[in-house]
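Scroll down for the structure; my scribbles are underneath it.
Residue numbers (the numbering used here): 5 to 143.
Pasting the structure below:
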């Protein structure tokens, strides 16, 4: 069996809320670049702190931006309806997806984020349980 170096671009549908009526489709795995985008999503800017005599710098953190970044990167599709009951199409463009996610009610966004977090955690646990000890070779 060969080692996988690249991400499988597949997706998986996950139920929202308890009724199972609504779902989101998420990426099975993020690429290294996407994972780094999430990690960097909270850092908005470097700010100067301290005094003139003892200057120092700190990062200005924005956890809301990181949460939106994570949802936007994982989310592939959904069957979330608008006020008229028609599914909002988020596959048209990244802007359409971003606008739709930002227009969600807070509780709906929280549920989508919760489902994505639970899914990502389960992937991480599965990966950890399947980790093998690397072997070294000498030439």
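All residues carry an ideal CB built from backbone N, CA and C; glycine is no exception.
So, are the CB atoms of residue i and residue j less than 8 Å apart?
i	j	result
residue 33	residue 125	no
residue 98	residue 92	no
residue 79	residue 41	no
residue 20	residue 116	yes
residue 107	residue 94	no
residue 11	residue 123	no
Alpha carbon to alpha carbon, what distance is there between residue j and residue i?
i	j	result
residue 87	residue 16	26 Å
residue 52	residue 68	22 Å
residue 54	residue 62	9 Å
residue 44	residue 9	23 Å
residue 18	residue 58	51 Å
residue 138	residue 7	With a pLDDT of only 40 at residue 138, under the threshold of 50, the placement of this residue in the model should not be trusted, and no figure is reported.
residue 71	residue 111	14 Å
residue 171	residue 56	Residue 171 is absent from the structure shown; the chain starts at 5 and stops at 143.
residue 113	residue 133	30 Å
residue 121	residue 90	27 Å
residue 37	residue 14	17 Å
residue 4	residue 83	Summary: the structure shown does not reach residue 4, with the chain confined to residues 5 through 143, and so no result is reported for it.
residue 39	residue 81	19 Å
Report, in whole angstroms, the separation of the C-beta atoms of residue i and residue j, which I expect to be a contact under 8 Å.
i	j	result
residue 28	residue 96	Not a contact, Cβ separation roughly 17 Å.
Entirely enclosed beta strand (DSSP E) segments - the segment 43-124, minimum 3 residues: 47-54, 59-65, 79-82
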